[in-house]
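Student:
Numbering (my numbering), first residue to last: 1 to 377.
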């Protein structure tokens, strides 16, 4: 089954945007969004229960309603393969690839497709999915005064660009912030505009420059952390130990899940419009912080719009997280919804928070607070 659904489902359940992944996204009505979410929850439940006949039925309904959605075609292929219908499964996967499916690594390892691996047509589909990934548009960044731009594509990893101050050195290294993009676009331009201020605060910024921006899969996260990050860590003047994760929307959800899995690995989280929830076969559930001392050593800065429906999850969870020792700070931004929230005031607050983190502090709220916020830019 398509692994990107987990994050897409969380986001689709909480804000008014499409959950369609791996393709150009039309705007969906609230009713369409709800239907897509409900059907995908049913689909995931049927796969979990190994009821592949019903999974196929739901998958075909999704394809009928959302014919350009690559993951829906992919999941139909998975159900057909489980049912032993190889030719039909290969045809469904071909439609998925034609619609833009680009996660060849997952397709190759997906146990749902194990019966297809020896088929010549399957090898061709893997090649075409890999071509989709490699041919994704490369995002060139503008030159930034005083900032070194270092680019690379490690074997088995994701293409990247590191923005690091020319003043960073072995004696005075800058800490690393990793940008995790939302579903639907890189938003590199917005976050790279912060690079000079991050550099002044003693931080470097890592962004990805060629990727399917429709969402995140577990395989892509592993490529980033296991292949790209080790290469980046060799950069002179960079301290990549316990990097900070910064994410918006689905990128923020990924940051939370990565921290939940291995809290000692990360030095902080910066979350814009992401929430303490997880997707299960039975629907959304509250995300509890990881147990142990490591969770109490990872400061978390959260921005959430006052008009964002997902804010309710932070209001319900914040007290519990803080009592558990998680150094959590939340800003509820007035007159804002599920959107990019880093205006002038929020950037100032971010830099103040980063300064405290760099000093080894763990800034946190006592109770969650609504802070006064100047007009956003």
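Where is the CB? At the ideal position from N, CA and C, for every residue including glycine.
For residue 151, write down the residues that DSSP places opposite it in a beta bridge.
Tutor: In DSSP, residue 151 forms a bridge with 161.
Student: With DSSP run on the structure shown, which of helix, strand or coil describes residue 402?
Tutor: The question about residue 402 has no answer here: the residues shown for the chain are numbered 1 through 377.
Student: Is the beta carbon of residue 81 closer than 8 Å to that of residue 59?
Tutor: No; because the gap between Cβ atoms is not below 8 Å, this pair is not in contact.
Student: Spatial neighbours of residue 322 within its chain, please: CB distance less than 6 Å, with the 5 preceding and 5 following residues excluded, ordered by chain position.
Tutor: Answer for residue 322: 328, listed in chain order.
Student: Residue 317 and residue 276 look like a contact to me (Cβ under 8 Å); what is the Cβ gap, rounded to whole Å?
Tutor: 4 Å between Cβ atoms; contact.
Student: Taking the straight line between their C-alpha atoms, what separation do you get for residue 199 and residue 147?
Tutor: Whole-angstrom Cα-Cα distance: 8 Å.
Student: Using a Cβ-Cβ cut-off of 7 Å (strictly less than) and excluding sequence neighbours within five positions of residue 55, which residues of its own chain qualify?
Tutor: Same-chain partners within the cutoff: 43, 46, 47 and 79.
Student: Suppose the cutoff is 6 Å on Cβ atoms and the five residues either side in sequence are ignored; what does the same chain contact list for residue 313 look like?
Tutor: Cβ neighbours of residue 313 beyond the five flanking positions: 275, 276 and 277.
Student: Hey, residue 266 and residue 287: beta-carbon distance below 8 Å or not?
Tutor: No; because the gap between Cβ atoms is not below 8 Å, this pair is not in contact.
Student: Is DSSP giving residue 262 helix, strand or coil here?
Tutor: Correct three-state label for residue 262: coil.
Student: Among the candidates 297, 261 and 301, whose CA atom is the shortest distance from the CA of residue 325?
Tutor: Nearest of 297, 261 and 301 to residue 325, Cα basis: 297.
Student: Return the Cβ separation of residue 300 and residue 252 in integer angstroms, given the expectation that the two are a contact with Cβ distance under 8 Å.
Tutor: So it is not a contact: roughly 10 Å between Cβ atoms.
Student: Is the beta carbon of residue 157 closer than 8 Å to that of residue 86?
Tutor: It is not a contact, given that the beta carbons lie outside the stated cut-off.
Student: So the beta strand (DSSP E) residue 117 belongs to, where does it begin and stop?
Tutor: Run containing residue 117: none; DSSP gives neither H nor E here.
Student: Which residue wins for smallest C-alpha separation from residue 84, given the options 98, 117 and 70?
Tutor: Minimum Cα distance to residue 84 is reached at 117.
Student: Mind checking who residue 204 pairs with in its DSSP beta bridge?
Tutor: Note: residue 204 sits in a beta bridge opposite 176.
Student: Below 6 Å CB to CB, which residues in the same chain sit around residue 195 once its five sequence neighbours on both sides are set aside?
Tutor: Only 144, 147, 163 and 205 meet the Cβ criterion.
Student: Count the other CB atoms within 10 Å of the CB of residue 161; is the residue buried (16 or more) or exposed (fewer)?
Tutor: Buried, since its Cβ has 16 or more Cβ neighbours within 10 Å.
Student: By alpha-carbon positions, which one of 175, 197 and 185 ends up nearest to residue 234?
Tutor: If we check each option's Cα against that of residue 234, 175 comes out closest.
Student: In terms of DSSP beta bridges, what is residue 301 paired with?
Tutor: For residue 301, which the question treats as bridged, DSSP gives the partners 270 and 329.
Student: Give every residue of the same chain whose Cβ lies closer than 6 Å to the Cβ of residue 139, excluding the five residues on either side of it in the sequence, and list them in chain order.
Tutor: Closer than 6 Å at Cβ, skipping near neighbours: 186, 188 and 209.
Student: Residue 372 to residue 93, Cα distance in whole Å?
Tutor: Reliability fails at residue 372, whose pLDDT of 40 lies under 50, so the model's placement of it is uncertain and the value that follows must be treated cautiously. When rounded, the distance between both Cα atoms is 51 Å.
Student: Check this for me: beta carbons of residue 243 and residue 178, under 8 Å apart or not?
Tutor: Yes, they are a contact pair.
Student: Per DSSP, which one or two residues make a beta bridge with residue 239?
Tutor: Paired residue(s): 175.
Student: From the DSSP output, which residues share a beta bridge with residue 346?
Tutor: Looking at the DSSP assignment, residue 346 forms no beta bridge with any residue, so it has no partner.
Student: Under 8 Å between C-beta atoms, does residue 212 make it to chain C?
Tutor: Of the protein chains in this structure there is only one, and it is not chain C.
Student: Taking its Cβ as the centre, do 16 or more other Cβ atoms sit within 10 Å of residue 335, making it buried, or is it exposed?
Tutor: It counts as exposed.
Student: To the nearest angstrom, report how far apart residue 40 and residue 69 are at their CA atoms.
Tutor: Computed Cα separation, rounded: 12 Å.
Student: Three or more C-beta pairs under 8 Å: does that hold for the segment 254-264 against the segment 349-366?
Tutor: No: the two stretches stay apart, fewer than three of their Cβ pairs being nearer than 8 Å.
Student: Quick one, which of 133, 105 and 65 has its alpha-carbon nearest residue 98's?
Tutor: Closest option to residue 98, Cα to Cα, is 133.
Student: Quick check: the Cα distance between residue 124 and residue 76, rounded to an integer number of angstroms?
Tutor: In a straight line, the C-alpha of residue 124 is about 18 Å away from that of residue 76.
Student: Would residue 308 be called buried (16 or more neighbouring beta carbons within 10 Å of its own) or exposed?
Tutor: Burial call: buried.
Student: Just reading off the beta strand (DSSP E) that residue 278 is part of, what are its end residues?
Tutor: Looking at the DSSP string, the run of the beta strand (DSSP E) that includes residue 278 is 277-280.
Student: Assuming residue 107 is part of the alpha helix (DSSP H), what are its boundary residues?
Tutor: Taken as a continuous stretch (DSSP letters only), the alpha helix (DSSP H) holding residue 107 covers 104-109.
Student: Taking DSSP as the reference, what is the three-state secondary structure of residue 210?
Tutor: Residue 210 falls in the strand class under three-state DSSP.
Student: Nearest to residue 279 by alpha carbon, out of 254, 264 and 262?
Tutor: Per the Cα distances, 254.
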